[in-house]
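Report on one structure; see the data block that follows.
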Amino acid sequence: MSDMNLTLKVWRQKSKDQKGCFETYKTLASEHMSFLEMLDVVNEKLERDGKDPVAFDHDCREGICGACSMVINGSPHGPEKATTTCQLHMRKFKDGDTIVIEPWRAKAFPVLKDLIVDRGAFDRIIQSGGYTSAATGGVPDANSILIPKERADEAMDAAQCIGCGACVAACPNASAMLFVGAKVSHLANLPQGQVEAKTRVQNMVTQMDKEGFGNCTNHGECESSCPKEISIKFISKMNREYLGALSHVQKSAAAE
Amino acid sequence: MNRDCPAQTSIGKKVLMALTGLMLSGFIVGHLLGNLTIFAGREWINSYAYHLEELKPLVWAARITLLGLVTIHILTAICLTIKNRQARPVAYAKKEHQTTSVGARTMALTGTVILAFIIFHLMHFTFRVTHPEISNSLDEHGHRDVFKMVVMSFQRPELAFGYVAALTLLFLHLSHGLWSLFQSIGLLGERTLPVAKKISCAVSFILYLAYISIPLTCYFGLVKV
Numbered sequence: 000m001s002d003m004n005l006t007l008k009v010w011r012q013k014s015k016d017q018k019g020c021f022e023t024y025k026t027l028a029s030e031h032m033s034f035l036e037m038l039d040v041v042n043e044k045l046e047r048d049g050k051d052p053v054a055f056d057h058d059c060r061e062g063i064c065g066a067c068s069m070v071i072n073g074s075p076h077g078p079e080k081a082t083t084t085c086q087l088h089m090r091k092f093k094d095g096d097t098i099v100i101e102p103w104r105a106k107a108f109p110v111l112k113d114l115i116v117d118r119g120a121f122d123r124i125i126q127s128g129g130y131t132s133a134a135t136g137g138v139p140d141a142n143s144i145l146i147p148k149e150r151a152d153e154a155m156d157a158a159q160c161i162g163c164g165a166c167v168a169a170c171p172n173a174s175a176m177l178f179v180g181a182k183v184s185h186l187a188n189l190p191q192g193q194v195e196a197k198t199r200v201q202n203m204v205t206q207m208d209k210e211g212f213g214n215c216t217n218h219g220e221c222e223s224s225c226p227k228e229i230s231i232k233f234i235s236k237m238n239r240e241y242l243g244a245l246s247h248v249q250k251s252a253a254a255e
Numbered sequence: 000m001n002r003d004c005p006a007q008t009s010i011g012k013k014v015l016m017a018l019t020g021l022m023l024s025g026f027i028v029g030h031l032l033g034n035l036t037i038f039a040g041r042e043w044i045n046s047y048a049y050h051l052e053e054l055k056p057l058v059w060a061a062r063i064t065l066l067g068l069v070t071i072h073i074l075t076a077i078c079l080t081i082k083n084r085q086a087r088p089v090a091y092a093k094k095e096h097q098t099t100s101v102g103a104r105t106m107a108l109t110g111t112v113i114l115a116f117i118i119f120h121l122m123h124f125t126f127r128v129t130h131p132e133i134s135n136s137l138d139e140h141g142h143r144d145v146f147k148m149v150v151m152s153f154q155r156p157e158l159a160f161g162y163v164a165a166l167t168l169l170f171l172h173l174s175h176g177l178w179s180l181f182q183s184i185g186l187l188g189e190r191t192l193p194v195a196k197k198i199s200c201a202v203s204f205i206l207y208l209a210y211i212s213i214p215l216t217c218y219f220g221l222v223k224v
């Protein structure tokens with residue numbers, strides 16, 4: 000087992016309103032550790048020394064919950080493609096490396112403490128999307144709603160989004176359009192999502208704008224940072240859905 | 000939920016950028032076709048310029064439309080850029096870029112320089128105030144000698160290479176802008192996205208080569224007065 004000496008530059012910020020700064024820590028790490036386990040070791044030492052441990056978000060540690068969120072050496076979730084921070088292993092680093100660790104940087108994601116940001120903006124966008132109407136009553140027959148394979152696949156590709164916010168973190172404009180595109184598209188591709196499809200896309204885009212995210216300028220950085228490899232084709236899909244919904248929503252507003 | 004006017008939303012503004020960009024790209028193609036008549040000789044380009052000026056009301060309508068398109072394109076770009084800068088108040092200490100292109104990252108810069116170039120270009124060839132000594136001669140029909148004006152202008156290295164430099168920036172701007180506009184109006188999908196990127200680069204490069212052929216051939220003496 001080969002241990003490596005690492006120098007970490009970690010963003011430390013006591014609370015939302017206080018100014019933060021980078022602090023440097025030296026640590027030993029095994030190549031078998033995950034990135035978060037490496038930070039756990041750093042935190043154990045900090046606690047032993049009576050210091051405040053580095054606060055970071057984490058939950059499932061198996062790459063599906065979307066909680067872990069840090070920019071590692073300039074890339075959200077680190078340098079590995081299609082990998083969340085918790086699934087990033089220290090064997091991807093070398094002895095003597097300096098690793099810069101920062102929180103997601105976006106106005107809509109204020110830093111709460113150290114590496115933890117408030118991603119409530121994403122929750123509010125999801126909430127603004129509302130519900131899908133569902134028939135109550137007896138259980139429908141299996142396969143009573145036919146969905147072409149390609150549509151089902153595309154809906155599932157969009158539904159892979161774990162809402163981690165790496166797209167916003169990676170975007171030079173801190174835009175949330177990949178996230179919103181994925182969330183709009185996954186329901187817009189399925190018959191179950193059709194009833195409210197037009198108001199849903201309008202409401203989600205309005206909420207996205209209200210949260211203070213930037214605007215997509217088609218850099219494609221979101222797609223290459225997304226741990227679930229969600230394609231920017233969903234941004235195009237969202238734009239299409241949004242434009243298609245304009246006349247409908249104006250009509251319904253007039254009727255109100 | 001209270002909704003803004005569609006043109007005020009993020010997607011609405013992107014669509015405005017896309018549609019004005021598309022129409023301005025159309026002008027770039029048309030303008031090129033007209034310019035290329037220089038290779039058919041003095042008669043052709045002078046007669047093209049003469050007939051274009053004969054259509055005065057239409058030319059002015061086109062000019063006002065173009066001015067409107069450019070204004071919308073620029074004002075919307077300023078709006079979006081301000082919003083984008085505000086969206087990340089604290090910059091990263093270290094940031095890696097993975098896929099973005101030079102064209103994409105310099106849209107605001109290339110756009111600004113292209114605006115300055117357009118103003119100079121109008122002063123140079125349309126209103127003929129920068130180089131009156133070579134811009135106001137007439138040909139044997141008593142029409143404006145556009146051929147002579149263009150060729151003699153581009154015999155000067157600062158003008159020839161200044162135009163090539165400005166057109167290089169236009170190429171960068173278009174290489175990102177052309178495919179982006181179709182993405183913004185929601186026309187691209189899984190199969191069309193990579194193709195659109197390649198076509199966008201190819202089309203803007205062909206336009207670039209065709210445009211710079213004029214100052215370069217004049218400068219190197221392949222087209223002579």
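Top line first, the protein sequences correspond to chains L and P. Positions 0 to 255 (numbering that gives the first Met the number 0) are the ones given, in order, by the first sequence. Positions 0 to 224 (numbering that gives the first Met the number 0) are the ones given, in order, by the second sequence. Backbone N, C-alpha and C fix where the C-beta goes; we use that ideal spot for every residue, glycine too. Since this is a predicted model, take the numbers as computed values, not measurements.
Tell me where the alpha helix (DSSP H) around residue i begins and ends.
i: P/G45; result: Note on identity: in this sequence residue 45 of chain P is Asn, with Gly being the wrong assignment. Element bounds for P/N45: 41-53.
i: L/V53; result: Looking at the DSSP string, L/V53 is not in any alpha helix (DSSP H), and its letter there is neither H nor E.
i: P/V101; result: 101-104
i: L/V179; result: 176-187
i: L/D122; result: 119-128
i: P/T167; result: 156-183
i: P/C200; result: 191-218
i: P/F146; result: 145-153
i: L/P139; result: Where L/P139 is concerned, there is no enclosing alpha helix (DSSP H), given that its DSSP letter is neither H nor E.
i: L/C160; result: Premise fails: L/C160 is in no alpha helix (DSSP H) and is neither H nor E.
i: L/C221; result: 220-224
Quick one: give me the first and last residue of the beta strand (DSSP E) that residue i is part of.
i: P/S250; result: With chain P running from 0 to 224 in the structure shown, residue 250 of chain P is simply not present.
i: L/I98; result: 97-101
i: L/G209; result: According to the sequence displayed, residue 209 of chain L carries Lys and not Gly. Looking at the DSSP string, L/K209 is not in any beta strand (DSSP E); the run it does join, the alpha helix (DSSP H), is 196-209.
i: L/V110; result: 110-112
Can you say whether residue i is buried or exposed, counting buried as having 16 or more other CB atoms within 10 angstroms of its CB?
i: L/F21; result: exposed
i: L/T83; result: buried
i: P/R190; result: exposed
i: L/P226; result: buried
i: P/H123; result: buried
i: L/N238; result: buried
i: L/K50; result: exposed
CA-CA distance, residue i and residue j?
i: P/D144; j: P/Y218; result: 18 Å
i: P/I184; j: L/Q126; result: 26 Å
i: L/A262; j: L/K80; result: Since the first residue of chain L shown is 0 and the last is 255, residue 262 of chain L is not available in this structure.
i: L/C160; j: L/K13; result: 30 Å
i: P/A17; j: L/R47; result: 57 Å
i: L/F121; j: L/A66; result: 12 Å
i: P/Y49; j: L/P75; result: 59 Å
i: L/L111; j: L/E43; result: 21 Å
i: P/P88; j: L/F92; result: 30 Å
i: P/L15; j: P/W43; result: 37 Å
i: P/T36; j: P/T216; result: 13 Å
i: L/C59; j: P/L68; result: 51 Å
i: P/T64; j: L/D117; result: 46 Å
i: P/Y91; j: L/V167; result: 13 Å
i: L/K236; j: L/A107; result: 23 Å
i: L/P171; j: L/D208; result: 16 Å
i: L/R90; j: L/L189; result: 41 Å
i: L/V138; j: L/G192; result: 19 Å
i: P/T125; j: P/G20; result: 22 Å
i: P/E132; j: L/I229; result: 59 Å
i: P/L137; j: P/S46; result: 12 Å
i: L/S132; j: P/L169; result: 49 Å
i: L/S86; j: L/L7; result: Per the sequence presented here, residue 86 of chain L reads as Gln, with Ser not at that position. Near 19 Å, if we compare the C-alpha coordinates of L/L7 and L/Q86.
When DSSP builds the beta bridges, which residues end up paired with residue i?
i: L/R11; result: L/C20
i: L/I71; result: L/S74, L/I100
i: L/G213; result: L/S174
i: L/H88; result: L/S33
i: L/A105; result: L/F108
i: L/I115; result: L/K112
i: L/L5; result: L/T26
i: L/L242; result: Per DSSP, none; premise fails for L/L242.
i: P/L137; result: P/R143
If you pair each beta-carbon of the segment 54-71 of chain P with each one of the segment 92-99 of chain P, do three or more pairs fall below 8 Å?
no
So, do the segment 198-214 of chain P and the segment 20-31 of chain P have three or more beta carbon pairs nearer to each other than 8 Å?
Yes: at least three Cβ pairs fall under 8 Å.
Quick check: the segment 32-43 of chain L against the segment 180-199 of chain L, are there 3 or more CB pairs under 8 Å?
no
Are there three or more Cβ pairs, one per stretch, closer than 8 Å when the segment 100-110 of chain L is compared with the segment 64-75 of chain L?
yes
Okay, do the segment 140-152 of chain L and the segment 202-209 of chain L touch, 3+ Cβ pairs below 8 Å being the bar?
As far as the Cβ criterion goes, the segment 140-152 of chain L does not touch the segment 202-209 of chain L, which means the pair count is below three.
Does the segment 172-183 of chain L come close enough to the segment 215-232 of chain L to have 3 or more Cβ pairs within less than 8 Å?
When Cβ pairs closer than 8 Å are counted between the two stretches, the segment 172-183 of chain L is seen to touch the segment 215-232 of chain L, the count reaching three or more.
Counting Cβ pairs closer than 8 Å, one from the segment 99-113 of chain P and one from the segment 171-188 of chain P, do we hit at least three?
yes
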